[in-house]
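Step one of this worksheet: look at the structure below.
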Amino acid sequence: DEYEPRINLAGKPQRARKVPQNLIRPRYYSTELGIRERLFVGVLTSENTVRSLAVAINKTSSHLVDKIMFFMDAGGAEKANVITLKLPGIVGFVDAQPHLKPFHMLKYLTDNFLEEYDFFFLTKDTSYVDADVLSSLVKSISVSVEVHAGSLQVADGSPFCKLDGGILLSNSVLKKIQNSLDWCVKNSFSDFDDENVGRCILHASQLPCIQFVEGSKLRSKALDDQEKKNLETLSYNKALTYFKLDDHKLFYQVLLLSAVVRHIKFQKNYFLERFFWSRQRMCGYSNERDFPWPPGSYPPRRPKTRFDVTPWLHFDNEKVYLPSDFVNVQPLSGADLLDAKNVLNRSVEWLIERYSGHIRFKQMLNGYRRFDPSRGLDYVLDLSFRDNTGREIIKRVEASKPLGRVEMLQMAYVTENTRVYLLVPLVVSDKEAAVDFMTKYSETCTQSELTFLMLVLLYEPNAPGKGHVADVFKNIKDLALELSSKKHKDCKITWISIKVPTINGVLPMEDHLIYFAMVDLLSKKLPPESLVLLTEPNIELRTDYLNRVRMGTIIGKQVYSPIPFTEFSPEFVYKNMSQKNPTLEIHKNTGRFDINNIRHLAFYMEDYISARTKINYLPVVKADKDIARLYIGYNLYLTTNPNADPITSILDMFSRLPISVLRASEPALRLHRLKNCSNISVDSVQPRTKYSRCMDPPVATRSQLGQTLLNMIYKESALV
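Next comes the structure, spelled out in C-alpha cells:
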C-alpha cells in the first residue's frame, strides 16, 4: 500500500552519537541554588595591635556577623604568638610590604570565600564597627545590587572610600576585582591605602564610592583626642564605624554607650507601641495574646488541641478545687500555700499604695492559678476592698511569677577520641573471670578504641609474689604478656601488684581504703589528664559504653558513675533452659539495675588528685607499706571525732566537692554473676563495705523466688 509507512534505516547510526551523562548534583540545596551567607568582615591588623585592638574587635563584633577574619604579615604573626589568641581566624602573608596588605586580603577573599558570602566589609583594627547596624544594613540590600560603598571624607577632597571607616563590597564587585588584581598591585604607588584600594575598585568595577545604598547612609566618624576623653557626648545612633581608636578600652566603652542608647530607644518605642495597641484593643482590633505580660517574658503556650489546654485552677485561702481529673478538692498546703499567700499580700500592698491608702482590704473572693512550663506561674485574684465611705470595691489583679532567666551554660569540650585507662582490681578468686575478660578485651580492642587495660593484683600478706615460682597470679601475668605481644601498641595490657596487709586480724580486700590506696599508687604512673575507669572483670565490654564514659566524664566539671545491669543468680534464671545465652539480655527476669553498685566510676586523674589532697586524715599512699599507715590515720580520726561523717568511697569523696556526679542507669554496662560468690558464707569475717561484691547482690525476681519455694515445698511433701 502506498500509504503504509516505511522505515528507512540506511545511513542511520546504530548508536546514539551523544552519550547521556549522569547529572552530578551537589550535596546541599544551597550550593545548587547559589545561596550564600550574608556578611564577611575582614580586618587588617599588625604585630603591635593584634593582641589588643584585634581582640577588642572580635569581642564586640564577631557574634553579630557570619564570619570575621584578621589579616597581617606572617612575620608579625609569629612574633606576636597569635596562635595563643582566641581569634576565629588569622591569615599571615609572607610579603610584609604595608601598601600591599589590602591587595593580599582581596586576593585571599577571591580565592577562598567568593562563593560563600554576599557582602564583604573591609576595615582596619583601629575602627570600632557597630555590627548590629552593619548586619541590619546588609539585610536590607538586595544581592543583585552592585555595591561599592563607604564613608567619603569631603574635607579631604578624596573620591575614594576611607578604609579606616570601612568599605562595603558586594559579591559581584569582588568578582570584577579578581581579574584586575595584577593591575592594582602595579599601580599602588600611593602611600595611603584608601587611594590604592579605591583606585583598584574603581578601575575593576567602574563604580565610584558612594555613601547611600538603597536609601541607607553609611556614616563613619573619626574621633579626635578630645572626643575620646568625652565619649558620652557623642551621638551613638547614627554612625556605622568610629575610627582612629588607639586603645582597646575605647572599643568596650563605645560598645557600652551605644548599647545604652539603643536600649533607651528600644524601651521608648516599645512602650509607645504598647500604648498604641492598648488603645486598639479597646476598640476590639487586637488580641491580648499578641503582647506578652510582663514585658520581656515568654507568651503563654498556645495549645495545639483541646487536650493540651493548660487549665486554670480555682483556689481560696484553704483549698484548691479540681486539681486533677480524679480529685475534687485538695488542701492548699506546703509551698503552694506559701506562694499563694505571698502573691495575695503583695497584690493587696500594691493596690493600697496605688490608691494612697484610701481603701482597706476585706477578703479574697476568687483565686485562679495556672502553671505553664514554658512561662511560669500566673495568678488572677478577685479582691474585695472598702473605701472611706464603706462602699465595697472589687478589683481583679493579674500577677505573674516568670521562670528564671534562661542562660546557655558553657560546657567543656568532650570528644570520643580520649584514651580510657581501664583499672580492674583482682583477687585470687577472680583469676577465671580475669582470663575471660582479658581474652575478650584483646579480641575486641582495635587501634581506634584508644584503651589501656591495667590490672591491679591484690596479694595476701603471705602469698608468693613477683619472681616466685608459685606466684598466685603467674598465669594472669603470662597471659597479659602474650596478648600484649600480639596486639598493637594502643591495646596494651599491664599490671600493678599491691601487697595488702592484715588489719586487726582481717584481710580488707574489698575495703574502701584499699581502693584509695590503689588509685594513689596508680596516680604516680599516669599523667594528670588521664581518664580512669574503675570496673570489674565480670562485665561485658562494649564500645558504646566506653564512648559514654568519654562523653559523660568532663575534666574539672563532672565524674561518671554508671549503674550496671546485674545478672540474677543463674540457678534461678536459667533453671529451665537447656543452654545459656553468652550475652546478658536486659530483661526483668534476667537481672536488674543494681543501684547499690558503686564499683564502676570514671574520672580524670587530675580531679582525683585535687580531691584527694583535701582529705587530711587519710595520708597519701606512695608504697605498699603505707597502707597500714592509711588505716592508722583513719581509725585515729574516728576515735578523736566520734560524730564525724567519714568518706566511705571514692564516689562519696567526689559528691562532697563542687563537681557534678552523673549517676544513671547504663544499659551498655552488663555485669555477670560472680561464680566465687556462692562460696562465701554469710558469717564471713570480711567487713561489709560499699565495695563488697558478694554482699546483698540481686538474686532473682519475687515470682522466681516464690516458684522455687513452692517447688521445694512440693518436693518435701512428696517425700513425706
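Note that our numbering gives residue 551 to position 538 of the sequence shown, counting from 1, and the numbers run on in steps of one.
The beta carbon of each residue, even a glycine, is placed where N, CA and C say it ideally should be.
This structure is a prediction, so every number in the text was calculated from the model and none was measured.
- Query: When DSSP labels each residue in this structure, what does Gly380 get in the three-state scheme?
  - Reply: Along the sequence shown, one-based indexing puts residue 380 at 367. Note: Gly380 maps to strand in three-state DSSP.
- Which one or two residues does DSSP pair with Lys257 in a beta bridge? Position 244 of the sequence shown, counted from the first residue, corresponds to residue 257. As DSSP reads the structure, Lys257 sits in no beta bridge.
- Range of the contiguous beta strand (DSSP E) that encloses Thr507: To locate residue 507, count along the sequence shown from 1; it is residue 494. If you look at Thr507, you'll find it in the beta strand (DSSP E) that goes 506-512.
- Item | Arg605, enclosing beta strand (DSSP E) - first and last residue | Taking the first residue of the sequence shown as position 1, residue 605 is located at position 592. Unbroken beta strand (DSSP E) run through Arg605: 604-606.
- Ala162 to Ser75, Cα distance in whole Å? Position 149 of the sequence shown, counted from the start, is the residue given in the question as residue 162. Position 62 of the sequence shown, counted from the start, is the residue given in the question as residue 75. Taking the Cα positions, Ala162 is about 21 Å away from Ser75.
- Write down every uninterrupted run of the beta strand (DSSP E) in the region 525-571 whose length is 3 residues or greater and which is fully enclosed by it, in chain order. Segments of the beta strand (DSSP E) lying fully in the region 525-571: 544-547.
- Task: Specify, as a first and last residue, the run of the alpha helix (DSSP H) that Phe585 falls within.
- Result: Here the question's residue 585 lines up with position 572 in the sequence shown. In the DSSP assignment, Phe585 falls within the unbroken alpha helix (DSSP H) covering 583-586.
- Message: Given this structure, state the Cα-to-Cα distance separating Tyr141 from Gln110, to the nearest angstrom.
- Response: In the sequence shown, residue 141 corresponds to position 128, counting from 1. In the sequence shown, residue 110 corresponds to position 97, counting from 1. Separation of Tyr141 and Gln110 (C-alpha to C-alpha, rounded to the nearest whole angstrom) is 25 Å.
- For Ile506, does the count of other Cβ atoms within 10 angstroms reach 16, so buried, or fall short, so exposed? The residue you call residue 506 lines up with position 493 of the sequence shown. Its Cβ being crowded by 16 or more others within 10 Å, Ile506 is buried.
- Message: Assess contact between the region 82-91 and the region 113-124, defined as three or more Cβ pairs (one per stretch) separated by less than 8 Å. Is contact present?
- Response: Yes, the region 82-91 is in contact with the region 113-124.
- Query: For Val469 versus Val572, is the C-beta distance shorter than 8 Å?
  - Reply: Taking the sequence shown and counting its residues from 1, the one referred to as residue 469 is at position 456. Taking the sequence shown and counting its residues from 1, the one referred to as residue 572 is at position 559. Their beta carbons are not under 8 Å apart, which means Val469 does not touch Val572 by this criterion.
- Query: Where do the ends of the alpha helix (DSSP H) carrying Asp238 lie?
  - Reply: Within the sequence shown, the letter at position 225 stands for residue 238. Following the DSSP letters along the chain, one finds Asp238 inside the alpha helix (DSSP H) bounded by residues 238-242.
- Item | Residue nearest to Asn610 in terms of C-alpha spacing, selected from Thr596, Asp524, Arg706 | On the sequence shown, residue 610 is found 597 positions in, with the first residue counted as 1. Out of Thr596, Asp524, Arg706, Arg706 has the C-alpha closest to the C-alpha of Asn610.
- Which of helix, strand or coil does DSSP assign to Glu580? Residue 580 sits at position 567 when you count from the first residue of the sequence shown. DSSP, read as helix, strand or coil, puts Glu580 in strand.
- Message: Taking the alpha carbon of Ile568 as the reference point, which residue from Gly89, Tyr621, Met522 has its own alpha carbon closest?
- Response: Working through the sequence shown from its first residue, we reach residue 568 at position 555. Measuring from the Cα of Ile568, the nearest candidate turns out to be Tyr621.
- CA-to-CA distance, Val586 to Ile645, given in whole angstroms: Start at 1 with the first residue of the sequence shown, and residue 645 comes out as number 632. Start at 1 with the first residue of the sequence shown, and residue 586 comes out as number 573. Answer to the nearest angstrom: the Cα atoms are 44 Å apart.
- Measure the CB-CB distance between Val160 and Leu194 and report whether it falls below 8 Å. Mapped onto the sequence shown, residue 160 falls at position 147. Mapped onto the sequence shown, residue 194 falls at position 181. The criterion of a C-beta distance shorter than 8 Å is not satisfied by Val160 and Leu194.
- Strand pairing of Phe465, partner residues [DSSP]: As a working note, residue 465 is residue 452 in the sequence shown. In the DSSP output, where bridge partners are listed per residue, Phe465 has Tyr434.
- Report buried or exposed for Lys137, applying the criterion of at least 16 other Cβ atoms within 10 angstroms of its Cβ. On the sequence shown, position 124 is the one that residue 137 refers to. For Lys137, the number of other beta carbons within 10 angstroms of its own is at least 16, and it is reported as buried.
- Query: Taking the beta strand (DSSP E) that Thr136 falls in, what are its first and last residues?
  - Reply: In the sequence shown, the residue the question calls residue 136 occupies position 123. Residues 130-137.
- Please name the residue in Arg561, Leu526, Leu215, Ile180 whose C-alpha comes closest to that of Cys197. On the sequence shown, position 184 is the one that residue 197 refers to. Comparing Cα-Cα distances from Cys197 to each of Arg561, Leu526, Leu215, Ile180, the minimum goes to Leu215.
- Quick one: what's got a C-beta closer than 8 Å to Leu643's C-beta in the same chain, skipping five residues either side? Residue 643 sits at position 630 when you count from the first residue of the sequence shown. Taken in chain order, the residues that qualify are Leu526, Phe529, Ala530, Leu631, Pro632, Val634.
- Item | Close-in-space but distant-in-sequence residues of the same chain around Thr721 (CB under 6 Å, 5 per side omitted) | In the sequence shown, the residue the question calls residue 721 occupies position 708. Counting only Cβ-Cβ distances below 6 Å, and skipping sequence neighbours, we find nothing.
- Report all residues from its chain with a CB closer than 6 Å to the CB of Ala144; omit the five preceding and five following residues, and keep chain order. In the sequence shown, the residue the question calls residue 144 occupies position 131. For Ala144, the CB contacts under 6 Å within the same chain, skipping 5 residues up- and downstream, are Ser74, Leu77, Val78 in chain order.
- Task: Buried or exposed for Tyr298, please, with buried defined as at least 16 other CB atoms from any protein chain shown within 10 angstroms of its CB.
- Result: Along the sequence shown, one-based indexing puts residue 298 at 285. With a pLDDT of only 44 at Tyr298, under the threshold of 50, the placement of this residue in the model should not be trusted, and no figure is reported.
- Cβ-heavy atom distance, Tyr727 to the ligand SAM, below 7 Å: In the structure shown, the ligand SAM is absent, as is every other ligand, since no ligand is present at all.
- Task: Tell me whether the beta-carbon of Val267 lies closer than 8 Å to the beta-carbon of Tyr255.
- Result: Position 254 of the sequence shown, counted from the start, is the residue given in the question as residue 267. Position 242 of the sequence shown, counted from the start, is the residue given in the question as residue 255. Result yes, Cβ atoms of Val267 and Tyr255 sit closer than 8 Å.
- Query: What are the partner residues of Gln343, as DSSP defines its beta bridges?
  - Reply: Sequence index remark: in the sequence shown, residue 343 carries index 330 (1-based). The secondary-structure analysis by DSSP pairs Gln343 across a beta bridge with Val333.
- Message: Going by the DSSP bridge assignment, what does Ile7 pair with across the sheet?
- Response: A question about residue 7 goes unanswered here, because the residues of the chain that appear run from 14 up to 733.
- Task: Under the assumption that Asp484 contacts Pro474 (Cβ atoms under 8 Å), give the Cβ distance between them as a whole number of angstroms.
- Result: For the purposes of this step, residue 484 is identified with residue 471 of the sequence shown, where counting begins at 1. For the purposes of this step, residue 474 is identified with residue 461 of the sequence shown, where counting begins at 1. Incorrect: roughly 15 Å between the Cβ atoms, too far for contact.
- Within this structure, are the beta carbons of Ser218 and Asn209 separated by less than 8 Å? Taking the first residue of the sequence shown as 1, we reach residue 218 at position 205. Taking the first residue of the sequence shown as 1, we reach residue 209 at position 196. Result no, Cβ atoms of Ser218 and Asn209 do not sit closer than 8 Å.
- Skipping 5 residues on each side, what residues in its chain have a beta carbon closer than 8 Å to that of Lys152? As a first step, residue 152 must be located in the sequence shown, where it is residue number 139. Sequence-distant Cβ neighbours of Lys152 in its own chain, meaning closer than 8 Å and more than five residues away, are Arg51.
- Message: Check for me: the beta strand (DSSP E) holding His216 runs from which residue to which?
- Response: Counting from one through the sequence shown, the residue named residue 216 turns up at place 203. Premise fails: His216 lies in the alpha helix (DSSP H), 206-218, not in any beta strand (DSSP E).
- Message: Just verifying my parser: in three-state terms, what is the DSSP assignment at Pro477?
- Response: The count along the sequence shown starts at 1 and reaches residue 477 at position 464. DSSP places Pro477 in the coil class of the three-state scheme, outside both helix and strand.
- Message: Among Asn724, Gly370, Pro577, whose alpha-carbon lies nearest the alpha-carbon of Glu549?
- Response: Start at 1 with the first residue of the sequence shown, and residue 549 comes out as number 536. It is Pro577 whose Cα lies nearest to the Cα of Glu549.
- Message: Quick check on Val56: does DSSP put it in helix, strand or coil?
- Response: Taking the sequence shown and counting its residues from 1, one reaches residue 56 at position 43. Three-state result, Val56: strand.
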